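If you read the sequence shown in my numbering, its first letter stands for residue 267, the second for the next number, and so on. Notes to accompany the following structure.
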Amino acid sequence: MRRFLTTLMIFLVVLVAGFSALVLLVNPNDFRAYMVQQVAARSEYQLQLVAARSEYQLLQLDGPLRWHVWPQLSILSGRMTLTARGASEPLVRADNMRLDVALWPLLSHQLHVKQVMLKGGVIQLTPQTEAVRSDDAPVAPKDNTLPDVAEDRGWSFDIRSLRVADSVLVFQHENDDQVTVRDIRLNMEQDAEHRGTFDFSGRVNRDQRDLALSFSGTVDASDYPHNLTAGIEQLRWQLQGADLPAQGIEGQGQLQAQWQEAQKRLSFNHLNLTANDSSLTGHVQVTLAEQPEWQIDLQSSKLNLDNLLPHHSTVAQTGGAVSQGQNTLPLTRPVIASRVGAPPYQGLQSFTAEIALQADSVRWRGMDFTQVSTKMSNQAGLLDITELQGKLADGEMSLPGTLDARTASPRIEFHPRLNHVEIGTILKAFNYPISLTGKMSLVGDFSGADIDAEAFRHSWKGKAHVDMSNTRLEGMNFQQLVQQAVERSGGDATVRHLASPPRRAAVAGKYGQRDPTGSLHDRSDAK
Numbered sequence: 267m268r269r270f271l272t273t274l275m276i277f278l279v280v281l282v283a284g285f286s287a288l289v290l291l292v293n294p295n296d297f298r299a300y301m302v303q304q305v306a307a308r309s310e311y312q313l314q315l316v317a318a319r320s321e322y323q324l325l326q327l328d329g330p331l332r333w334h335v336w337p338q339l340s341i342l343s344g345r346m347t348l349t350a351r352g353a354s355e356p357l358v359r360a361d362n363m364r365l366d367v368a369l370w371p372l373l374s375h376q377l378h379v380k381q382v383m384l385k386g387g388v389i390q391l392t393p394q395t396e397a398v399r400s401d402d403a404p405v406a407p408k409d410n411t412l413p414d415v416a417e418d419r420g421w422s423f424d425i426r427s428l429r430v431a432d433s434v435l436v437f438q439h440e441n442d443d444q445v446t447v448r449d450i451r452l453n454m455e456q457d458a459e460h461r462g463t464f465d466f467s468g469r470v471n472r473d474q475r476d477l478a479l480s481f482s483g484t485v486d487a488s489d490y491p492h493n494l495t496a497g498i499e500q501l502r503w504q505l506q507g508a509d510l511p512a513q514g515i516e517g518q519g520q521l522q523a524q525w526q527e528a529q530k531r532l533s534f535n536h537l538n539l540t541a542n543d544s545s546l547t548g549h550v551q552v553t554l555a556e557q558p559e560w561q562i563d564l565q566s567s568k569l570n571l572d573n574l575l576p577h578h579s580t581v582a583q584t585g586g587a588v589s590q591g592q593n594t595l596p597l598t599r600p601v602i603a604s605r606v607g608a609p610p611y612q613g614l615q616s617f618t619a620e621i622a623l624q625a626d627s628v629r630w631r632g633m634d635f636t637q638v639s640t641k642m643s644n645q646a647g648l649l650d651i652t653e654l655q656g657k658l659a660d661g662e663m664s665l666p667g668t669l670d671a672r673t674a675s676p677r678i679e680f681h682p683r684l685n686h687v688e689i690g691t692i693l694k695a696f697n698y699p700i701s702l703t704g705k706m707s708l709v710g711d712f713s714g715a716d717i718d719a720e721a722f723r724h725s726w727k728g729k730a731h732v733d734m735s736n737t738r739l740e741g742m743n744f745q746q747l748v749q750q751a752v753e754r755s756g757g758d759a760t761v762r763h764l765a766s767p768p769r770r771a772a773v774a775g776k777y778g779q780r781d782p783t784g785s786l787h788d789r790s791d792a793k
């Protein structure tokens, strides 16, 4: 036992002496020139000493480098910034940077970095942080098929392990609003062939909405920048705030992502996502041209829009009073000053899209639809809904139409087709105080400038042919009204004749929205 303790003490003394000698004899600042060469060889960025202060200074390290020997042999630095060539703002800023290095290569004055950790970092992906190519810089031909060398690859990630903690990511596309991702935690590891794993979590807060996002998976960057693929195996997210259901929206999922540089195409394959009690599967693809080109093909076994869209209180038509139980109004999003006065639906002008959706079950405003099918396309502001149909109980509905938002005054046209749909279900869904039941068939054409229930009541125009069968107006007894009228006139024989229960009626006619000449005709066979 004494021999073992003696051996252990000798080993500890040698270990402490070795680390002390390393710290005293090897100055980490001697590796600055080596890091300059490696960064210049592997990316478009150059590492320069703070003392240089040249026009090519792209990465700045404040303060001297120092050793940290426990629990991992590391080199610590103070604040650092990384700026792309010609950019006006730094791409990366961090309060601290730690380089975990291997011990044995240091004995021969070689630096082998096993892991890089940034803490308190700010990563900006904005137009101000992009590299600016000089006018006389050579441009490679587009049909070049030769393999890339190190200086052709641009930015590359050649570190085995990267950790980012308590950091912020800011990204912005051209003149769009900035999006800030806070509380970032990122762990990435890769092998010599640039295949690795990643684990990310962060939080986005914008317009009184809070999104918590986390995902993990694998990445293959062996053919980067030509091709980059990633498999997200575990995705979790939660969205809460304004214009959302009180319980918020949360879900999880898996997907495969791929970036193709030549086509500037980002694809999401094998989508399998959930949101509350809804689910989506399918494929999404976007080509980043001057106007992004979207292709969306989704399927759903259950899509509950009542748990995904906010429930706004509806004001009754009688006096504008709100029914009991609706004392609180939902939190609404703030009005952004830059969006005030913007033409409605102007967002449709910025992209093109082909969208297809198949759903076995859809719930909206308390109505349960089945076999829902949607096909639509957008051509820079011209939205063409070629197919929007489904079944509601024993009835069928179809609502094709167009939305033209290419001008400052949008024009919307819909051509509804209803076949034996229960009218009471629709009236209840839109909070109409009329207790009318019966089957309705409708063929119509309507147009307006806004897709809104209030706008449809007051400003939409059109006409429709309506057939209603087995109609009954609950709460209004026509027989009793007739009896009271007869009694006031002094008769009673007719009252006894009308003592039988009322019968349901069939009604057919034409209806014109905003047209006082519309009429309804009773086809009842009741006597």
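For glycine and all other residues, C-beta sits at the position ideal for the given N, C-alpha and C. Please read all numbers here as calculations on a predicted model, not as lab measurements.
- Residue environment: S616 is assigned as exposed (fewer than 16 neighbouring CB atoms within 10 Å of its CB, all protein chains considered).
- If the five residues before and after D650 are omitted, its C-beta is found closer than 6 Å to the C-beta atoms of S643 and T668, all from its own chain and listed in chain order.
- The three-state reading of DSSP puts R332 in strand, counting E and B together.
- For K694, the closest of A721, V358, Q645 and M633 by C-alpha to C-alpha distance is M633.
- Cβ atoms of T392 and Q444 come within 8 Å of each other, at about 7 Å.
- Rounded to whole angstroms, the separation of the alpha carbons of F696 and I389 is 47 Å.
- Here R359 is buried. Its C-beta has 16 or more other C-beta atoms within 10 Å.
- Taking C-alpha positions only, D572 is separated from A496 by approximately 33 Å.
- Less than 8 Å separates the beta-carbon of L452 from that of V430.
- F481 sits buried, since 16 or more C-beta atoms from the chains shown fall within 10 Å of its C-beta.
- Setting aside the 5 residues that flank it on each side, D465 is surrounded in the same chain by N453 and S482, each with a C-beta closer than 6 Å to its C-beta; the list follows chain order.
- Within the model, the alpha-carbon separation for G517 versus M275 is close to 55 Å.
- Residue state for W726 is assigned as coil, using DSSP reduced to three classes.
- A direct Cα-Cα distance of roughly 11 Å separates I621 from E559.
- Residue pairing for E653: DSSP places it in a beta bridge opposite K641.
- For I689, the enclosing alpha helix (DSSP H) has its first and last residue at I689 to A695.
- In this structure S340 touches L365 by the C-beta definition: roughly 6 Å separates them, less than 8 Å.
- No residue range can be given for S567, since it is assigned to no beta strand (DSSP E) and is classified by DSSP as neither H nor E.
- Each residue's CA atom was taken as its position, placing K530 and L658 some 42 Å apart.
- Looking at the backbone, the Cα of W726 and that of D711 are separated by about 10 Å.
- It is roughly 7 Å from the alpha-carbon of R332 to the alpha-carbon of S343.
- Note: V388 is bridge-paired with R359 and V434 in the DSSP secondary-structure output.
- R269 carries a helical assignment under DSSP once its states are collapsed to helix, strand and coil.
- Annotated as proximal: V379 and V367, with beta-carbon spacing under 8 Å.
- Looking at the DSSP output, L479 bridges to G468 and W503.
- Note that the segment 502-509 does not touch the segment 521-535; fewer than 3 beta-carbon pairs, one per stretch, sit closer than 8 Å.
- By the C-beta density criterion, M663 is buried, having at least 16 other C-beta atoms within 10 angstroms.
- E355 and D432 have their alpha carbons spaced roughly 21 Å apart.
- At least 8 Å separates the beta-carbon of I498 from that of L574.
- For A721, the secondary structure class from DSSP, reduced to helix, strand or coil, is helix.
- A straight-line Cα-Cα distance of about 55 Å links I450 and L702.
- Pairing A458 with T347, the inter-Cα distance amounts to about 27 Å.
- With a cutoff of 8 Å on beta-carbon distance, S713 and S627 are scored as not near each other.
- For the options A350, G661, P666 and I717, the alpha carbon positioned closest to that of I692 is the one of G661.
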